[in-house]
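Peer 1: In the numbering used here, the protein residues as written are 163 to 600. All C-beta atoms, glycine included, are put in the ideal place defined by N, C-alpha and C. Dropping the structure in here first, questions after.
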């Protein structure tokens with residue numbers, strides 16, 4: 163799900179990739195003319211918007227079970243699209259397309275990582291970035307075959323950054339598999355080879371990765387990578403690494419109490435107003451979830467009596483990924499997440515808003531209108547934005563039972579530099595926070 167003002171009239175449209183097509187809604191809930199599109203196709207990816215054809219209007223980029231799609235705001239395919247190419251279902255959806263710069267000057271390509279660890283890159287006219295390779299830009303592991311079955315617990319991700327500050331782009335990717343190919347990988351943007359003339363592109367070797375977030379957390383001008391996953395000793399851990407390669411002081415942090423749990427993408431967000439991000443991660447097992455918050459040095463943000471280090475809250479539900487913004491207008495950001503349950507019919511879908519020290523925001527949790535028989539543990543993630551252009555934020559949830567729900571909130575629409583208001587943070591799906599966000 164994503165939101166953006168596609169037609170320039172002020173209020174934002176809501177873009178949702180579903181199991182039966184791509185839908186776009188006006189801020190009042192009416193379906194936009196020309197939609198849905200890709201009817202009958204599984205479109206469960208995270209769409210992005212960008213002026214792909216350089217005509218001054220935004221276009222929508224998304225993936226399906228059949229390939230890569232780019233359409234204009236009227237639902238019409240752009241020239242050169244769709245591209246029939248391997249995507250593959252990845253945990254709960256299809257690959258996340260990211261707009262990025264591979265050359266020296268401007269954004270130039272749509273890139274995603276598919277189920278078998280291929281980095282696919284297409285120019286804005288639909289051509290393969292490397293003309294003779296049918297979209298193939300590089301590979302996480304050249305030994306993975308086309309028959310490989312993805313077994314990670316998150317959707318792989320790729321973004322670009324200038325690691326050496328030399329004006330040349332590198333690609334950094336998070337990938338997880340059932341085999342020995344999991345971790346963080348860095349490639350040259352110009353040729354797709356392992357960066358820094360390495361034999362292997364892997365800079366962090368883990369047993370399993372849940373997801374990644376990026377940002378210059380210490381202000382040194384270099385991009386840092388926050389990784390959630392399981393280390394080689396089968397211990398759930400969080401890593402915070404400069405350029406994806408060197409552990410920052412105090413990291414990694416091991417969470418031995420979290421075993422065989424499902425993790426979600428971690429996030430970087432400032433919870434105390436000091437312009438320094440905290441590290442937020444959620445883990446779930448059956449109908450129990452724990453929310454962890456750590457300071458930049460790896461110590462607990464708050465220490466609750468009897469709680470594990472970093473743990474601010476335990477809930478008897480399964481939480482999806484979180485978003486962070488000030489929804490109440492008190493100047494303090496809240497952690498917002500949707501919850502479900504393992505077995506359909508065993509309870510209600512709820513929207514949670516939690517203070518940085520782990521308390522419920524007054525009025526939360528909110529029970530949604532979803533029929534309990536439709537409520538599952540799927541990782542629906544809310545979004546916070548000013549949808550109706552009234553200067554105040556709304557919370558948007560596309561959740562169980564195919565219900566789209568919007569709640570008006572009193573928080574002012576004045577995003578702070580280290581807010582994290584949507585999955586992957588920005589409209590380009592870069593998973594990058596702070597001033598490095600695009």
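Just the C-alpha distance for residue 476 and residue 451, rounded to the nearest angstrom, thanks.
Peer 2: Roughly 6 Å separates the two Cα atoms.
Peer 1: Taking just the CA atoms, how far does residue 514 sit from residue 526?
Peer 2: Taking the straight line joining both Cα atoms gives about 6 Å.
Peer 1: Between 320, 495, 168, which has its C-alpha nearest residue 437's C-alpha?
Peer 2: Among 320, 495, 168, the Cα nearest to that of residue 437 belongs to 495.
Peer 1: Using a 10 Å radius around the Cβ and a threshold of 16 neighbouring Cβ atoms, would you call residue 561 buried or exposed?
Peer 2: Buried, because 16 or more other Cβ atoms sit within 10 Å of the Cβ of residue 561.
Peer 1: What span of residues does the beta strand (DSSP E) with residue 285 cover, start to end?
Peer 2: Residues 280-285.
Peer 1: Using a Cβ-Cβ cut-off of 7 Å (strictly less than) and excluding sequence neighbours within five positions of residue 169, which residues of its own chain qualify?
Peer 2: Here the set comprises 235.
Peer 1: Please identify the residue among 383, 379, 395 whose C-alpha is closest to the C-alpha of residue 410.
Peer 2: When each option's Cα is compared against that of residue 410, the closest is 379.
Peer 1: For residue 539 and residue 491, what's the separation of their Cα atoms in angstroms?
Peer 2: Straight-line Cα distance between these residues: approximately 30 Å.
Peer 1: Roughly how many angstroms lie between the CA atoms of residue 198 and residue 179, to the nearest whole one?
Peer 2: If I take the Cα positions, the gap works out to 10 Å.
Peer 1: Checking 8 Å against the spacing of the C-beta atoms, do residue 301 and residue 333 come in under that value?
Peer 2: No, the Cβ-Cβ distance between residue 301 and residue 333 is not below 8 Å.
Peer 1: If we ignore side chains and look at the alpha-carbon of each, how far apart do residue 504 and residue 541 end up?
Peer 2: Rounded to whole angstroms, residue 504 to residue 541 spans 11 Å at the Cα level.
Peer 1: May I have the straight-line CA-CA distance separating residue 558 from residue 547, to the nearest angstrom?
Peer 2: Cα-Cα distance, rounded: 8 Å.
Peer 1: Indicate the three-state DSSP secondary structure (helix, strand or coil) for residue 597 in the structure shown.
Peer 2: Correct three-state label for residue 597: helix.
Peer 1: Roughly how many whole angstroms lie between the Cα atoms of residue 484 and residue 522?
Peer 2: For residue 484 and residue 522, the distance between alpha carbons rounds to 14 Å.
Peer 1: For the stretch 566-579 and the stretch 421-428, state whether three or more C-beta atom pairs, one from each stretch, are separated by less than 8 Å.
Peer 2: As far as the Cβ criterion goes, the stretch 566-579 does not touch the stretch 421-428, which means the pair count is below three.
Peer 1: Less than 8 Å between the C-beta atoms of residue 550 and residue 189, yes or no?
Peer 2: For residue 550 and residue 189, yes; Cβs fall inside 8 Å.
Peer 1: Under 6 Å Cβ to Cβ from residue 209, same chain only, skipping five residues before and after it: list those, please.
Peer 2: Taken in chain order, the residues that qualify are 164, 177, 179, 222, 224.
Peer 1: Helix, strand or coil for residue 580, going by three-state DSSP, please let me know.
Peer 2: Three-state DSSP puts residue 580 in coil, outside helix and strand.
Peer 1: With 16 as the cutoff for other CB atoms within 10 Å, does residue 238 come out buried or exposed?
Peer 2: Looking at its Cβ environment, which holds fewer than 16 other Cβ atoms inside 10 Å, residue 238 is exposed.
Peer 1: Taking 8 Å as the cut-off, decide whether the C-beta atoms of residue 250 and residue 276 are in contact.
Peer 2: Yes; because the gap between Cβ atoms is below 8 Å, this pair is in contact.
Peer 1: Pull up the CB-CB distance for residue 245 and residue 229, whole angstroms please, since I reckon it's below 8 Å.
Peer 2: Correct: roughly 5 Å between the Cβ atoms.
Peer 1: Taking only runs of the beta strand (DSSP E) that begin and end inside the stretch 452-478, which ones reach a length of at least 3 residues, in chain order?
Peer 2: Correct list: 473-477.
Peer 1: Please classify residue 364: is it buried, with 16 or more other beta-carbons within 10 angstroms of its beta-carbon, or exposed?
Peer 2: Its Cβ being crowded by 16 or more others within 10 Å, residue 364 is buried.
Peer 1: Does residue 311 come out as helix, strand or coil in the three-state DSSP assignment?
Peer 2: Because the pLDDT at residue 311 is just 43, under 50, the model does not fix this residue reliably, and the value given afterwards should be weighed accordingly. Residue 311 falls in the coil class under three-state DSSP.
Peer 1: So, for residue 205: in the same chain, excluding its five sequence neighbours on each side, which residues have a beta-carbon less than 7 Å away from its beta-carbon?
Peer 2: Excluding sequence neighbours, residue 205 sits near 179, 180, 183, 184, 224, 226.
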